[in-house]
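In the working numbering, the protein residues as written are 516 to 1100.
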């Protein structure tokens, strides 16, 4: 007989609240009776050798008891028809039901603490725990465990598990979501996984829901969000479990619990920031919400040898940040849940872009994924580029190109800038802002490469020329990159190449202009007795703004070389732009 959707959640709620109001000893007995082989409630003394006719007559007189516990109904029907029960075990169980209900009805001391309704829910959960009912849901299999957890947790928070309260309604919806899971395949895995997964999800939900404000918890959309999220996460782990080994199932349970916490934490923000039409679309909102969490869980649990193992790079905190960013994108673009422009494609492509071991070890993967998702929100339709291999996300390309250049370690260069994690994330976030503002940095190419790559390459190649022992801080390099991007945006011709020097090697105008400026600030011998960073800023501004913008070609470089090295300007007191103007005029 299929379970009534709300019956399991209702019984769990009732049993927890019934136990909480009991005295310590009776509460302990109540909780132990949920899963023990025999009822250990302090029932009044009743003759245990009672005849079966007396039991049948008692339940005939109390049909309301029989109708509320399915297992009792089955036993009573058989006993009434044959006036006996063939199995000794069944007869013992039938007597146990009689002793319990009759004890509550007739017992004086016990009656004050436990009533018949309390007992109904206790026995109902007990029959589920013992697998006495056909077609049991995964939640029913562990209902006793959930009640025990609930007693321990909510004993410290009186009144919190009230079905009429905002937080109680959320937990009720959460349990209903778990009760709707259909997992009939492989009963052994079903029971084993239920015992680990559902209690973990319940613990995460109880703790996370308690932190929600009453306003958020009372919102029906938030409650629906949590219900379908719980169902989606649990169902996804169940479906995967049939192909997993025991240790892999434990790992899946852990990440399912972490994901449940994150989704509840951000439920209110998602619901209140999502446009109203999101909840009025033809596409069921449950599908939209459910897949939001499943996408990230799939990314974590997917074990593909040719891709980065996402879970190795994640922590609960970084996953929480990714969940928030994912929901932000989904709220604005529900269509990203599937298709070739979907979130899962974005996340997996970031993982491929950040597969260099050093970047993985330093924890860049989850942070960069979060940044890409956050920057995508509000601009998603503009950030895809067609290619022969299918659509490519522009921000992922930007990260891939930038990291490729940053990870290079040329053997002949005296040094290459070493960024801290924070510095590098700032650089990359600033680059992504530039791409969002102007997608042409990636879509437009120079010599078959995105403009962004050319600017990065020119900047870092020029930095390779700084003498050994000299260093620029990460902040200065960030400024240089920003400055060079602005110059290239104004005049793309600075990325053209010219033949320069005695060996007539081809070099971009931008790179050579930067090399010339750096060689004044950091000469091989000695150096100007001024603040070098101020001098570099003055020289870069003048060379780029006053010279190359007017002459974005080889003539501009010749003029820059003249000003910097053959003008007689004394740099020991800084740069004199007025004198330089006179020379150029």
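Just so you know, even glycine gets a beta-carbon here, dropped at the ideal spot from N, CA and C.
Euclidean distance between Cα positions of residue i and residue j
| i | j | result |
| --- | --- | --- |
| residue 885 | residue 941 | 13 Å |
| residue 749 | residue 612 | 34 Å |
| residue 623 | residue 786 | Only weak support exists for where residue 623 lies, its pLDDT of 49 falling under 50; the value from the coordinates is given anyway. If you take the alpha carbons of residue 623 and residue 786, they lie about 51 Å apart. |
| residue 1022 | residue 745 | 58 Å |
| residue 934 | residue 944 | 14 Å |
| residue 1040 | residue 877 | 37 Å |
| residue 458 | residue 549 | Examination of residue 458 is not possible in this model, given that the chain is present from 516 through 1100 alone. |
| residue 532 | residue 652 | 22 Å |
| residue 1055 | residue 1032 | 7 Å |
| residue 743 | residue 754 | 16 Å |
| residue 709 | residue 551 | 18 Å |
| residue 1020 | residue 1090 | 29 Å |
| residue 576 | residue 634 | 17 Å |
| residue 820 | residue 939 | Residue confidence for residue 820 is low, a pLDDT of 42 falling below 50, so the modelled location carries little weight and cannot support an answer. |
| residue 628 | residue 534 | 9 Å |
| residue 958 | residue 838 | 29 Å |
| residue 1046 | residue 1052 | 10 Å |
| residue 862 | residue 1085 | 53 Å |
| residue 529 | residue 636 | 7 Å |
| residue 1027 | residue 864 | 34 Å |
| residue 869 | residue 827 | 13 Å |
| residue 1050 | residue 1036 | 7 Å |
| residue 761 | residue 712 | 13 Å |
| residue 1009 | residue 1094 | 25 Å |
| residue 815 | residue 572 | 58 Å |
| residue 657 | residue 695 | 14 Å |
| residue 833 | residue 1061 | 45 Å |
| residue 920 | residue 867 | 16 Å |
| residue 811 | residue 831 | 13 Å |
| residue 688 | residue 617 | 34 Å |
| residue 678 | residue 726 | 17 Å |
| residue 504 | residue 937 | The displayed coordinates of the chain run from 516 to 1100. Any statement about residue 504 would go beyond what the structure contains. |
| residue 547 | residue 591 | 25 Å |
| residue 992 | residue 986 | 10 Å |
| residue 659 | residue 809 | 28 Å |
| residue 956 | residue 872 | 27 Å |
Candidates the options, of which the one nearest residue i by Cα
| i | options | result |
| --- | --- | --- |
| residue 680 | 728, 697, 575, 585 | 728 |
| residue 888 | 763, 781, 718, 844 | 844 |
| residue 758 | 996, 817, 665 | 817 |
| residue 1004 | 950, 989, 1036 | 950 |
| residue 953 | 898, 573, 922, 572 | 898 |
| residue 875 | 829, 684, 913, 857 | 829 |
| residue 813 | 840, 752, 772 | 752 |
| residue 905 | 937, 857, 948 | 857 |
| residue 692 | 841, 922, 720 | 720 |
| residue 998 | 605, 970, 871 | 970 |
| residue 697 | 522, 654, 915 | 654 |
| residue 1080 | 580, 1058, 916 | 1058 |
| residue 879 | 902, 918, 900 | 918 |
| residue 842 | 872, 871, 783, 900 | 783 |
| residue 607 | 587, 620, 994 | 587 |
Residue range of the alpha helix (DSSP H) that includes residue i
| i | result |
| --- | --- |
| residue 541 | 539-548 |
| residue 739 | 735-756 |
| residue 691 | 681-694 |
| residue 889 | 879-891 |
| residue 777 | 761-780 |
| residue 983 | First-last for residue 983: undefined, no H or E at that position. |
| residue 837 | 831-847 |
| residue 642 | 631-644 |
| residue 656 | 653-656 |
| residue 1039 | Careful: residue 1039 lies outside any alpha helix (DSSP H) and carries neither H nor E. |
| residue 536 | Segment: none, residue 536 is in no alpha helix (DSSP H) and carries neither H nor E. |
| residue 730 | 729-732 |
Identity of the residues DSSP links to residue i by a beta bridge
| i | result |
| --- | --- |
| residue 908 | 899 |
| residue 1013 | 1022 |
| residue 965 | 960 |
Sub-9 Å separation of residue i and residue j beta-carbons
| i | j | result |
| --- | --- | --- |
| residue 524 | residue 690 | yes |
| residue 715 | residue 769 | yes |
| residue 1029 | residue 973 | yes |
| residue 589 | residue 639 | no |
| residue 976 | residue 1067 | no |
| residue 1092 | residue 1038 | no |
| residue 565 | residue 594 | no |
| residue 1155 | residue 778 | Because the chain is modelled from 516 through 1100, residue 1155 falls outside the range shown and cannot be assessed. |
| residue 1002 | residue 1072 | no |
| residue 946 | residue 913 | yes |
| residue 883 | residue 848 | no |
| residue 527 | residue 661 | yes |
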